[in-house]
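Peer 1:
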Amino acid sequence: MWREYSKSYLKNNRSSSLSVRIAAFLSALLLSLLCGLFYNAWKYEIERIELEEGGWQSRIVIGSEDKIEDIKNFASVKDVIVNRPEDGRQEITVDLYFYDYGSVLEDTPEIAASAGSSPEMATYNYALLAMYLIRSPQDTAPRMVFPLFLLIMGMASFSLIVIIHNSFAVSMNARIHQFGIFSSIGATPRQIRTCLLQEAAALSAAPLLLGNVSGIGISMVFIQMSNSLLRNDTAGRHKAVFGYHPLVLAVTLLVTVITIWISAWIPAGKLSRLTPLEAIKNAGELQLKRKKRSRILSMLFGIEGELAGNALRAQKKALRTASLSLLFSFMAFVMMQCFFTLTQISTRETYFERYQYAWDIMVTVKDTQIDTFSQIESLQSLSGAQSVIVYQKADAARLITEDEMSEEMKSFGGFLGAPGQYVIQTPDGWLVNAPLVILDDASFLSYCGQIGAAARLDGAVVRNVIRDVTNPDFRHPVEVPYLKTDYDKKDASNVLAAAGRSGSEGRTETVQVPVLAYTAEVPVLREEYATIDYYELVHFLPVSFWRQIKEQIGGTQDDIRICVLGRENADLEELNALQGEIMRLLGDAAIAESENRIQEYEANADMIWGMKTIFGFFCILLALIGIGNVFSNTSGFVRQRKREFARYLSVGMTPQEIRRMFCIEAFALVVRPVLITLPAAAAAVWYMLRAGYVEASEFFAEAPFLPIALFMLSIAAAVSAAYYLGWRSVRKINPAEVLRDDTML
Amino acid sequence: MEILRCEGVCKVYGSGSNQTAALDGVDLRVDKGEFVALMGASGSGKSTLLHILGSVDRPTGGRVIIDGTDLAGLNQTQSAIFRRRKVGMVYQFYNLIPTLTVRQNILMPLALDRKKPNEEYFEKVVVSLGIADKLESLPNQLSGGQQQRTAIARSLIYRPAILLADEPTGNLDQKNSKEIIDLLKLSNRNLGQTILLITHDEKIALEAERVITLEDGRIIDDRPRREEA
Numbered sequence: 000m001w002r003e004y005s006k007s008y009l010k011n012n013r014s015s016s017l018s019v020r021i022a023a024f025l026s027a028l029l030l031s032l033l034c035g036l037f038y039n040a041w042k043y044e045i046e047r048i049e050l051e052e053g054g055w056q057s058r059i060v061i062g063s064e065d066k067i068e069d070i071k072n073f074a075s076v077k078d079v080i081v082n083r084p085e086d087g088r089q090e091i092t093v094d095l096y097f098y099d100y101g102s103v104l105e106d107t108p109e110i111a112a113s114a115g116s117s118p119e120m121a122t123y124n125y126a127l128l129a130m131y132l133i134r135s136p137q138d139t140a141p142r143m144v145f146p147l148f149l150l151i152m153g154m155a156s157f158s159l160i161v162i163i164h165n166s167f168a169v170s171m172n173a174r175i176h177q178f179g180i181f182s183s184i185g186a187t188p189r190q191i192r193t194c195l196l197q198e199a200a201a202l203s204a205a206p207l208l209l210g211n212v213s214g215i216g217i218s219m220v221f222i223q224m225s226n227s228l229l230r231n232d233t234a235g236r237h238k239a240v241f242g243y244h245p246l247v248l249a250v251t252l253l254v255t256v257i258t259i260w261i262s263a264w265i266p267a268g269k270l271s272r273l274t275p276l277e278a279i280k281n282a283g284e285l286q287l288k289r290k291k292r293s294r295i296l297s298m299l300f301g302i303e304g305e306l307a308g309n310a311l312r313a314q315k316k317a318l319r320t321a322s323l324s325l326l327f328s329f330m331a332f333v334m335m336q337c338f339f340t341l342t343q344i345s346t347r348e349t350y351f352e353r354y355q356y357a358w359d360i361m362v363t364v365k366d367t368q369i370d371t372f373s374q375i376e377s378l379q380s381l382s383g384a385q386s387v388i389v390y391q392k393a394d395a396a397r398l399i400t401e402d403e404m405s406e407e408m409k410s411f412g413g414f415l416g417a418p419g420q421y422v423i424q425t426p427d428g429w430l431v432n433a434p435l436v437i438l439d440d441a442s443f444l445s446y447c448g449q450i451g452a453a454a455r456l457d458g459a460v461v462r463n464v465i466r467d468v469t470n471p472d473f474r475h476p477v478e479v480p481y482l483k484t485d486y487d488k489k490d491a492s493n494v495l496a497a498a499g500r501s502g503s504e505g506r507t508e509t510v511q512v513p514v515l516a517y518t519a520e521v522p523v524l525r526e527e528y529a530t531i532d533y534y535e536l537v538h539f540l541p542v543s544f545w546r547q548i549k550e551q552i553g554g555t556q557d558d559i560r561i562c563v564l565g566r567e568n569a570d571l572e573e574l575n576a577l578q579g580e581i582m583r584l585l586g587d588a589a590i591a592e593s594e595n596r597i598q599e600y601e602a603n604a605d606m607i608w609g610m611k612t613i614f615g616f617f618c619i620l621l622a623l624i625g626i627g628n629v630f631s632n633t634s635g636f637v638r639q640r641k642r643e644f645a646r647y648l649s650v651g652m653t654p655q656e657i658r659r660m661f662c663i664e665a666f667a668l669v670v671r672p673v674l675i676t677l678p679a680a681a682a683a684v685w686y687m688l689r690a691g692y693v694e695a696s697e698f699f700a701e702a703p704f705l706p707i708a709l710f711m712l713s714i715a716a717a718v719s720a721a722y723y724l725g726w727r728s729v730r731k732i733n734p735a736e737v738l739r740d741d742t743m744l
Numbered sequence: 000m001e002i003l004r005c006e007g008v009c010k011v012y013g014s015g016s017n018q019t020a021a022l023d024g025v026d027l028r029v030d031k032g033e034f035v036a037l038m039g040a041s042g043s044g045k046s047t048l049l050h051i052l053g054s055v056d057r058p059t060g061g062r063v064i065i066d067g068t069d070l071a072g073l074n075q076t077q078s079a080i081f082r083r084r085k086v087g088m089v090y091q092f093y094n095l096i097p098t099l100t101v102r103q104n105i106l107m108p109l110a111l112d113r114k115k116p117n118e119e120y121f122e123k124v125v126v127s128l129g130i131a132d133k134l135e136s137l138p139n140q141l142s143g144g145q146q147q148r149t150a151i152a153r154s155l156i157y158r159p160a161i162l163l164a165d166e167p168t169g170n171l172d173q174k175n176s177k178e179i180i181d182l183l184k185l186s187n188r189n190l191g192q193t194i195l196l197i198t199h200d201e202k203i204a205l206e207a208e209r210v211i212t213l214e215d216g217r218i219i220d221d222r223p224r225r226e227e228a
């Protein structure tokens, strides 16, 4: 049937198969994009593991170097790296690299045994092996890359089948009468199915290849975008280099072919099972299964509205792809825009605006202690900096007695309901976390001046604030004094080493820390307090006092932080220069990472823009499938609806009235997703506003009306264009001719 | 020699109180080489019977045997192959494939079997039907009469056991109608083709050797033309 029928049909009916071509192209593009991105994510993860942990596959410890040659002689071993201990110990650690990852788990114990080492002592780079689907029962960590990929691919394929099989069905059902004729002259169901599948293959071949190539191209663009948006100087991130492997192409092609084949097979199978009588009787004319009035359309547009509503209902199946994909794409686009607008508002308010006058540059100096850090003064004398605060945090604990608790705190239950991981009840009271923030002396004295406390370096300032834990509004917390007012006069705080909280062996020493002031005001740092553990009692103290108590308390974090505020209204260039100066001053003595507020703000904006672009791209992709379906459907109007229009014309309907009917159909197609989406979006926004404690007025001031309107108008323009083309072909119909050309049955 | 036999063929549409019997126990026997006309008013069950004989529909009761094959025992694929090889169908509205040329339409049943046509027989059929010069035309480039001739040619190309024609002249003018009937008679006489013709036109029915009248799904009359005459 291919040679006799399909070949010439496809050649002469290019427009009617447009939807199939578009659907095949977009499916191939999406699946190829997913595979390309997954492959690059997989490759990036391997590079990350190799950078952080090394590229070895297994590691054994041997007693002497004599065995190294024996290990090298193992057929499966590709390379051996010997790590000799620096402390004079005899054991040598040997990193093994194999030709075949599959033999690692099997051969390593054998190699270890032959080298005189216990096979149980062998270690494996499980993270790396898991990337090659080599799993060991000993490795209990969840390695989700492949299962996640399979799940996403499965879901994508399934969704595409649900969406695009209808495009094939529309194209195939348009010729149901012709297949009825074939069947009546003896074509078997198998011949008809084969013919339809051959047509689907012929129609999809070029779009499939083009879609695959486009998917590879877009994944390459996405990788470049992620490099520029996520910045390579971000801690723990290296530059992603785009890569592709022929095997990925093979897998992508296979998945795409299977997806498209199933999508074509579903309608082809259904059509081939029709009896010739059913097929010939179904002359392609749209029928209503049962009477149902189109009240809204008929109320708004009169008889044309009623007819348009009936026509849409009769085309329900043919337009299912369009309805679903337009609805989902519009809904996803609106939700995505609202979500990112809220995220932007929230991040700006809780982060950028809140700390706008707190920091411009943040530097983390790794593995350094503040009491031995010598560059404080030179940093503070930098000309471009308004203030430089060097600080380090330490963990400690404090016992709170019932008498100390403020009445306000007691009013919401005191420590009742406090999580055990944060507050431990003892016979004497409650043991709470007391984080210490150790400031350089100059900054501490400046802080004392800021809160009106005596400028002394022999004690601590206590943040005497606790939020009302019964009020979940994190954006507008109700804060009350933690300790009683008369205890404000108490001049010492009994601070314990953090280790003492758990009662474990270790330092349980208590240090009496003189309290210089109790206050609600905190130093100007990019720090948040009591956000997770509401019951912590923060102490700020100068480094010179810390030197006196550090032996008893300990518990400092590994890094120190430098919070720099540049000159007022400093621009990015100025901040970059200052940042360079700071890094130069710190030199090579310590590993430092730095952030720049404006850069971070821009990076955040870029990241949101990138996310919006990527999600927007998927929404457009989804909308294109629907629009393709509408085009395909309207291009089949002459064939499918000529009798319907001829009847309208024969009873006196003017061509203008038919055009109006078309406009109403297009309008209904566009408006339906909007009407369904808006209440859903309103509910989602309401929920997000509540969850994020953002004022509705703030959201509406920045609500993404313009992009949503543009997206909707683009869909409307495309659907209108499709209906206009349909109208152009329909208006040439001669009613007398059409009504005369009836079918036999 | 018997080529077609119907025994108590029934066809009921709908269910429950909406049941309508289109055929109600039809018994019929047609011998090889006969030219039979099936007459009846609209809704008498003529087309239903023809569809059942052509295996495009199934009876709800009774048996149909054509050229020794019991149609009840055929699955969908076997039915299709049976239609292709044993039955030629001619419809009132031709049912030609609009995208295929006349030649391709005629040869379609053979193409479905991947068979090459017997060029001599093909030539004989198209010449006798008067469409030899239209073989490369598309159906919409032909007149109604020419389209119906093409449909007849397609139904004859496999030399079927029986040719079933459903109102083949219903869409044609008088001149073309006469020509089509003459062609059917010619094929019956010259090729020995068994023909079952459905018509509601008594004048056309009288061209057949035997006229069967159907009413409310039952055969109420079955007699040779000469007797009628």
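If you read the protein sequences in the order shown, they are chains Z and F.
Residues in the first sequence are numbered from 0 upward in steps of one, following numbering that gives the first Met the number 0.
Residues in the second sequence are numbered from 0 upward in steps of one, following numbering that gives the first Met the number 0.
Quick reminder that beta carbons are idealized off the backbone N, C-alpha and C, glycines included.
Just so we're clear, the structure is a prediction, and the values are computed from it rather than from any experiment.
Hey, how far is the Cα of residue 23(F) from the Cα of residue 215(F)?
Peer 2: 8 Å
Peer 1: Here's a check: name, in chain order, each residue in its chain whose Cβ is nearer than 7 Å to the Cβ of residue 103(F), leaving out the five neighbours to either side.
Peer 2: none
Peer 1: Determine, using beta carbons only, whether residue 456(Z) and residue 543(Z) come nearer to each other than 7 Å.
Peer 2: yes
Peer 1: For residue 519(Z), I'd like the list of residues in its chain whose CB is within less than 6 Å of its CB, leaving aside the five on either flank, ordered along the chain.
Peer 2: 464
Peer 1: On a CA-only basis, which of 0(F), 56(F), 17(F) and 31(F) is nearest residue 8(F)? Give me that one, please.
Peer 2: 56(F)
Peer 1: Count Cβ pairs between the segment 332–351 of chain Z and the segment 548–560 of chain Z that sit closer than 8 Å; are there 3 or more?
Peer 2: no
Peer 1: May I have the straight-line CA-CA distance separating residue 413(Z) from residue 701(Z), to the nearest angstrom?
Peer 2: 40 Å
Peer 1: Hey, residue 30(Z) and residue 627(Z) are a contact pair by Cβ (cut 8 Å); roughly how many whole angstroms apart?
Peer 2: Actually they are not in contact, since the Cβ atoms of residue 30(Z) and residue 627(Z) sit about 17 Å apart, beyond 8 Å.
Peer 1: Looking at the C-beta of residue 56(F), does it have a partner C-beta in chain Z at a distance below 7 Å?
Peer 2: yes
Peer 1: Let's test the definition: count the other Cβ atoms within 10 Å of the Cβ of residue 503(Z) and tell me whether it reaches 16, buried, or not, exposed.
Peer 2: Unreliable placement is indicated for residue 503(Z), whose pLDDT of 44 sits below 50; no coordinate value is reported for it.
Peer 1: Any beta carbon from chain Z within less than 7 Å of residue 148(F)'s own beta carbon?
Peer 2: Cβ-Cβ to chain Z under 7 Å: no for residue 148(F).
Peer 1: Could you check where the beta strand (DSSP E) with residue 82(Z) kicks off and where it finishes?
Peer 2: 76–82
Peer 1: Counting pairs of Cβ atoms below 8 Å between the segment 56–69 of chain F and the segment 90–100 of chain F, do you hit three or more?
Peer 2: no
Peer 1: Report the rounded CA-to-CA distance for residue 106(Z) versus residue 112(Z), giving the unit in angstroms.
Peer 2: One C-alpha to the other measures close to 10 Å.
Peer 1: State buried or exposed for residue 501(Z), treating a residue as buried only when at least 16 other CB atoms are found within 10 Å of its CB.
Peer 2: The predicted position of residue 501(Z) is uncertain, since its pLDDT is 49 and thus under 50; a value taken from the coordinates is nonetheless stated next. Residue 501(Z) should be labelled exposed.
Peer 1: Tell me whether residue 165(F) is buried or exposed, calling it buried when 16 or more other Cβ atoms sit within 10 Å of its Cβ.
Peer 2: Buried is the call here.
Peer 1: Run through DSSP, which three-state label would residue 751(Z) get?
Peer 2: Within the shown structure, residues of chain Z are numbered from 0 to 744, placing residue 751(Z) beyond reach of any answer.
Peer 1: Rounded to whole angstroms, what's the CA-CA distance from residue 585(Z) to residue 424(Z)? Just pull it up for me.
Peer 2: 44 Å
Peer 1: Taking CB distances under 7 Å as the criterion, tell me whether residue 187(Z) reaches chain F.
Peer 2: yes
Peer 1: Contact between the segment 211–221 of chain Z and the segment 291–300 of chain Z is defined here as three or more beta-carbon pairs at a separation below 8 Å; is this criterion met?
Peer 2: no
Peer 1: So if DSSP puts residue 539(Z) in a beta bridge, which residue, or which two residues, is it bridged to?
Peer 2: 436(Z) and 460(Z)
Peer 1: Looking only at its chain, what residues have a beta carbon closer than 6 Å to the beta carbon of residue 328(Z), apart from the 5 residues adjacent to it on each side?
Peer 2: 618, 621 and 622
Peer 1: Between residue 198(Z) and chain F, is there a C-beta pair that is closer than 7 Å?
Peer 2: no
Peer 1: On the DSSP letters alone, give me the boundaries of the beta strand (DSSP E) that residue 513(Z) sits inside.
Peer 2: Where residue 513(Z) is concerned, the enclosing beta strand (DSSP E) starts and stops at 509–518.
Peer 1: Per DSSP, what kind of secondary structure is residue 223(F) in: helix, strand or coil?
Peer 2: strand
Peer 1: Between the Cα of residue 105(F) and those of 20(F), 34(F), 156(F) and 114(F), spot the shortest distance and give me the residue it belongs to.
Peer 2: 156(F)
Peer 1: Using a Cβ distance threshold of 8 Å, determine whether the segment 446–460 of chain Z contacts the segment 359–379 of chain Z, with at least three qualifying pairs required.
Peer 2: no
Peer 1: In chain order, what residues of the segment 41–56 of chain F put their CB closer than 8 Å to some CB of chain Z?
Peer 2: 46, 50, 53, 55 and 56
Peer 1: With a threshold of 8 Å on Cβ separation, who are the neighbours of residue 229(F) within its own chain once the five nearest residues in sequence on each side are excluded?
Peer 2: The question about residue 229(F) has no answer, for chain F in this structure spans 0 to 228.
Peer 1: Determine, using beta-carbon pairs with one atom in the segment 175–187 of chain F and one in the segment 199–214 of chain F, whether at least three such pairs fall under 8 Å.
Peer 2: Contact between the segment 175–187 of chain F and the segment 199–214 of chain F is present: three or more C-beta pairs spanning the two stretches fall below 8 Å.
Peer 1: Please name the residues in the segment 85–110 of chain F whose beta-carbon is closer than 7 Å to at least one beta-carbon of chain Z, in chain order.
Peer 2: 88, 90, 91, 92, 94, 96, 98, 99, 103, 107, 108 and 110
Peer 1: Which term fits residue 164(Z), buried or exposed, when burial requires 16 or more other beta carbons within 10 angstroms of its beta carbon?
Peer 2: buried
Peer 1: Would you mind stating whether residue 657(Z) and residue 307(Z) have Cβ atoms separated by less than 7 Å?
Peer 2: no
Peer 1: By the 10 Å Cβ neighbour count, where 16 or more other Cβ atoms means buried, how is residue 192(F) classified, buried or exposed?
Peer 2: Counting Cβ neighbours within 10 Å, residue 192(F) comes out buried, since at least 16 surround it.
Peer 1: For residue 525(Z), which residues in the same chain have their Cβ closer than 8 Å to its Cβ, ignoring the five residues on either side in sequence?
Peer 2: Taken in chain order, the residues that qualify are 354, 357, 358, 361 and 562.
Peer 1: By the three-class DSSP mapping on this structure, what secondary structure does residue 1(F) have?
Peer 2: strand
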